[in-house]
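As structure tokens, the structure follows; a few thoughts come after it.
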Amino acid sequence: MEEKKLDRNSIVGFIIIAGLLIWMMLNNINNEKESIKKDAEVAQKEVVAKAESEKIETAISTHTQSDSLMNESLRATLGQFAYSATLPSAQGGNTELKSEFLTLVVENKGGALSKVIVNDEKRFSKTSDEIVSLISDNNSNFNLEIHTTDNRVFNTKDLYFEPELTKEGENQVLSMKLKASDNQFLEYRYVLKPSDYMIDFSIRTQGLNKIVDLSKTPQLNWELKSFRNEKSISYENRYTRLYYEYEKGKDNDLSPTSKLDEKTVKDLTYVAYKQHFFTSVLLTDKAFTSANLVSKNLVNDEKVDTVFTKAFAATMPLEYTNGELNYDMNWFFGPSDYKILKSYDKNLDNIVPLGWGIFGWLNRFLFIPVFGLLSSFLPYGIAIIILTVLVRLLISPLTYKSYLSQAKMKAIRPEVTELNEKYKNDPMKKQQETMALYSKAGVNPMAGCIPAILQIPIFYALFQFFPSAFDLRQKSFLWADDLSSYDSVLHLPFSIPFYGDHVSLFPLLASIAIFIYMKMTTGDQQMAAPTQEGMPDMGKLMKVMIYISPIMMLFFFNNYASGLSLYYFISNSITIGIMYVIKNHIVKEDKIKAIIEDNKTKKRPKGRFQRKMQEMMEQAQEQQKLKEQQNKKK
């Protein structure tokens, strides 16, 4: 029996897709060592800051509200801002603001947000009692470092602000003032709107130009440790990263996989601490001239490190204008939802990782609108299935052309084998005659590869789309209780490297579908592929790939979004059906042979690829003849 071989040209497309999967897997493995020196510096700063804070709090606790009786040690400690300690707000306390979307708590001490709750969003699962908190339990630090004319350095996080809550129409307005006197103060101003995730925020000073040292730049520092909010901390951490916009519209991000990544950028206009499905953003109308940005991975062992994913920090210098600070800013606290972020027209939609180039275009202009339309009247699982059907119909012509090419290659294989035998001692002549046969029969050996390559943008775009789709968060379908996370049907008493401690059913079904599809098509591909001297045995390679590809699918997607695995299961199942129909009812062997024989009777113009190949072979043949003649003369 004749051994079946694989068409080396047809396998190129599959190798590219497999290589893409391997690259994406390796790209998500953490491979950098933790910087002990930087951690030590951070720890030292925290110790110093804590000591200074305790010193100020001790001084404040001993004062009386009468300025005339104020303790001299308190005056020495607080200097020009000692007046703030005489106000009732110095006793502590906070102010709460609540809207339809957000609940905010602002502390008198520091004047900053101590709690930000995204209303109606649950942690881990939709049945959980815990609400998503982006800021809570001291996971955030917002501080302005100010230098005064008497050579002191004050940190606003250690000082007490006076709150004043008012209403402007439907908006809640909170003014937090750090006072040197009634008419000299630093103000943080918050404006919470009724149905909005965006908060107006401003920093300004009044009358402090004679108190602050204008030659020394105030430093604004914002730190945040991102809470774990999703079922899989490793999967959530993969999509948790620091994004920023700089130089009038450019955007970039820090590494999500490095243990520690740090960068200094110029003209910063926003910094975003993005978690998988929620984002905290500070935006400014007047760009920060520079900023030092830091992202640190806090998940060393996902069995132990279960509270936080990453620690973010941004340090930005502010500039005095006419001796005063005046910055109009915004806070955004809310879902990492492409539609919501895009609605603000502030370039925030680039925070959602939809892919670069053509991959991002496909998501923005095709998959997001189509899926949004389908999910507006269908359950999300059904919407994924319908989207899959539409995608398969869209690329079915490519599937047909690929299989048609394989069928033609299979039909002329006996003639190619005959040429291989006839010119086995003349490889150049063999190649020329083989190309001539392809041209005469109307067969393009690249036709099986090109359709596979053209499908890569769709594959990768959807690979980016499903993990980023906020709409899938905590949406159930069949046994999957959350289409944005894995669909565990069995918990293992042990953990398998790269696989995990559970069995997800959709990846298992998708792997089986891939196996069936490859078994179904590999035989024809091997029959169609001529064996070329000096080339590896593609038949054996393809037999190995039949088993490797499903295993890769099983391991790689076991911890991925079940919505993505559902797509691949349905997609491969539909492909199996399409290939069955093409193979048994459309592309029949006798019909293909008749077309090839008819092509042989016609004069067909050579394609560009064939002409180029022929020219290259003729040049190589001429060079070979010249070389032989030179050898004879010697």
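Those letters in the sequence shown? Residues 1 to 634, per full-length UniProt numbering, in order.
Cβ coordinates follow ideal geometry from the N, Cα and C atoms, glycine included.
Just mark residue i as buried or exposed, buried being the case when its beta carbon has 16 or more other beta carbons within 10 Å.
{"i": "PRO536", "result": "Residue confidence is low: PRO536 scores 48 on pLDDT, short of 50, so the model does not pin down where it sits. Its coordinate-derived value is still stated next. The residue is exposed, with fewer than 16 neighbouring Cβ atoms inside 10 Å."}
{"i": "PRO397", "result": "exposed"}
{"i": "GLN474", "result": "buried"}
{"i": "ASN143", "result": "buried"}
{"i": "PHE465", "result": "buried"}
{"i": "ASP261", "result": "buried"}
{"i": "TRP479", "result": "exposed"}
{"i": "GLY357", "result": "exposed"}
{"i": "residue 687", "result": "The structure shown does not extend to residue 687, since the chain spans only 1 to 634, so no value can be given for it."}
{"i": "ASP301", "result": "exposed"}
{"i": "TYR244", "result": "buried"}
{"i": "VAL489", "result": "exposed"}
{"i": "PHE154", "result": "buried"}
{"i": "GLY111", "result": "buried"}
{"i": "residue 642", "result": "For the chain, the structure presents residues 1 to 634; residue 642 sits outside this window and is missing."}
{"i": "THR205", "result": "buried"}
{"i": "LEU6", "result": "Here LEU6 scores only 42 on pLDDT, less than 50, and its place in the model should not be relied on; the value that follows carries that caveat. Buried, since its Cβ has 16 or more Cβ neighbours within 10 Å."}
{"i": "GLY381", "result": "buried"}
{"i": "ILE60", "result": "Here ILE60 scores only 41 on pLDDT, less than 50, and its place in the model should not be relied on; the value that follows carries that caveat. When all chains shown are included, ILE60 counts as buried."}
{"i": "GLY323", "result": "exposed"}
{"i": "ASP345", "result": "exposed"}
{"i": "TYR197", "result": "buried"}
{"i": "GLN91", "result": "exposed"}
{"i": "THR575", "result": "buried"}
{"i": "LYS410", "result": "buried"}
{"i": "ASP158", "result": "buried"}
What span of residues does the beta strand (DSSP E) with residue i cover, start to end?
{"i": "ILE496", "result": "488-496"}
{"i": "VAL212", "result": "Neither: VAL212 is in no beta strand (DSSP E) and is coded neither H nor E."}
{"i": "GLN406", "result": "That residue, GLN406, is in no beta strand (DSSP E); its alpha helix (DSSP H) goes 380-411."}
{"i": "PRO369", "result": "Counting along the chain, PRO369 falls outside any beta strand (DSSP E), though it belongs to the alpha helix (DSSP H) covering 368-375."}
{"i": "PHE201", "result": "198-206"}
{"i": "GLY500", "result": "500-504"}
{"i": "GLU223", "result": "219-227"}
{"i": "LYS109", "result": "Taken as a continuous stretch (DSSP letters only), LYS109 belongs to no beta strand (DSSP E), as it is neither H nor E."}
{"i": "ASN151", "result": "Careful: ASN151 lies outside any beta strand (DSSP E) and carries neither H nor E."}
{"i": "SER181", "result": "171-181"}
{"i": "ALA314", "result": "308-317"}
Below 7 Å CB to CB, which residues in the same chain sit around residue i once its five sequence neighbours on both sides are set aside?
{"i": "LYS263", "result": "LEU254, LEU293"}
{"i": "LEU374", "result": "ALA383, ILE386, LEU387"}
{"i": "LYS126", "result": "GLN474"}
{"i": "MET25", "result": "Reliability of the predicted coordinates at MET25 is poor, the pLDDT of 45 falling under 50, and the value obtained from them is presented with this limitation in mind. So the qualifying residues of the chain are PHE556."}
{"i": "LYS429", "result": "TYR423"}
{"i": "ASP349", "result": "TYR338, LEU341, LYS342"}
Could you check how far apart the C-beta atoms of residue i and residue j are, in whole angstroms? I think they sit under 8 Å.
{"i": "residue 660", "j": "ILE233", "result": "With the chain covering only 1 through 634, there is no way to say anything about residue 660."}
{"i": "MET329", "j": "ILE146", "result": "Not quite, the Cβ-Cβ distance comes to about 17 Å (not below 8 Å), so this is no contact."}
{"i": "LEU165", "j": "LEU174", "result": "5 Å"}
{"i": "PRO467", "j": "TYR560", "result": "7 Å"}
{"i": "LEU214", "j": "GLU162", "result": "Actually they are not in contact, since the Cβ atoms of LEU214 and GLU162 sit about 24 Å apart, beyond 8 Å."}
{"i": "ILE514", "j": "ASN572", "result": "5 Å"}
{"i": "ILE199", "j": "TYR403", "result": "Contact flag wrong, Cβ pair sits at about 56 Å."}
{"i": "PHE332", "j": "LEU283", "result": "7 Å"}
{"i": "PRO457", "j": "LEU354", "result": "So it is not a contact: roughly 12 Å between Cβ atoms."}
List the endpoints of the continuous alpha helix (DSSP H) containing residue i.
{"i": "PHE365", "result": "Segment: none, PHE365 is in no alpha helix (DSSP H) and carries neither H nor E."}
{"i": "ASN292", "result": "Looking at the DSSP string, ASN292 is not in any alpha helix (DSSP H); the run it does join, the beta strand (DSSP E), is 278-297."}
{"i": "PHE581", "result": "According to the sequence provided, residue 581 is Val. The question's Phe does not apply to it. Unbroken alpha helix (DSSP H) run through VAL581: 562-581."}
{"i": "ASN237", "result": "233-238"}
{"i": "LEU165", "result": "Careful: LEU165 lies outside any alpha helix (DSSP H), inside the beta strand (DSSP E) at 162-168."}
{"i": "TYR338", "result": "338-343"}
Take residue i and list the residues in its own chain whose beta-carbon comes closer than 8 Å to its own, dropping the five residues that flank it on each side.
{"i": "PRO298", "result": "First, the amino acid is wrong: residue 298 is Leu here, not Pro. Excluding residues within five positions, the ones whose Cβ falls inside 8 Å are LYS225, ASP305, PHE308, THR309, LYS310, ALA311."}
{"i": "THR103", "result": "GLU96, LEU97, LYS115, VAL116, ILE117, ASN119"}
{"i": "ILE586", "result": "TYR400"}
Using 8 Å as the limit for Cβ to Cβ distance, is residue i near chain C?
{"i": "ASN183", "result": "Absent from the structure: chain C. Only one protein chain is present."}
Counting only the same chain and skipping the five closest in sequence on each side, list residues whose C-beta sits under 6 Å from that of residue i.
{"i": "ARG123", "result": "GLU130, VAL132, ASN229"}
{"i": "ASP267", "result": "TYR246, GLU247, ALA287"}
{"i": "LYS193", "result": "ASN171"}
{"i": "LEU505", "result": "ASP487, VAL489"}
{"i": "GLY563", "result": "ILE384, PHE466, LEU472, LEU483"}
{"i": "ALA291", "result": "VAL265, LEU268, ALA314, MET316"}
{"i": "MET518", "result": "ILE546"}
{"i": "VAL105", "result": "ASN94, GLU96, SER114, LYS115"}
Measuring only from the beta carbon, is residue i closer than 7 Å to any heavy atom that is part of the ligand ZN?
{"i": "THR279", "result": "Annotation note on the ligand ZN: not contained in the displayed structure, which lists no ligands."}
Report yes or no: do the segment 114-122 and the segment 132-152 share at least 3 C-beta pairs separated by less than 8 Å?
-> yes
The segment 402-421 contacting the segment 503-511, beta-carbon criterion three pairs below 8 Å = no
Answer yes if the segment 302-320 comes into contact with the segment 208-220, meaning at least three C-beta pairs across the two stretches below 8 Å, and no otherwise.
-> yes
Validate contact between the segment 239-253 and the segment 264-275 using beta carbons, cut 8 Å, 3 pairs = yes
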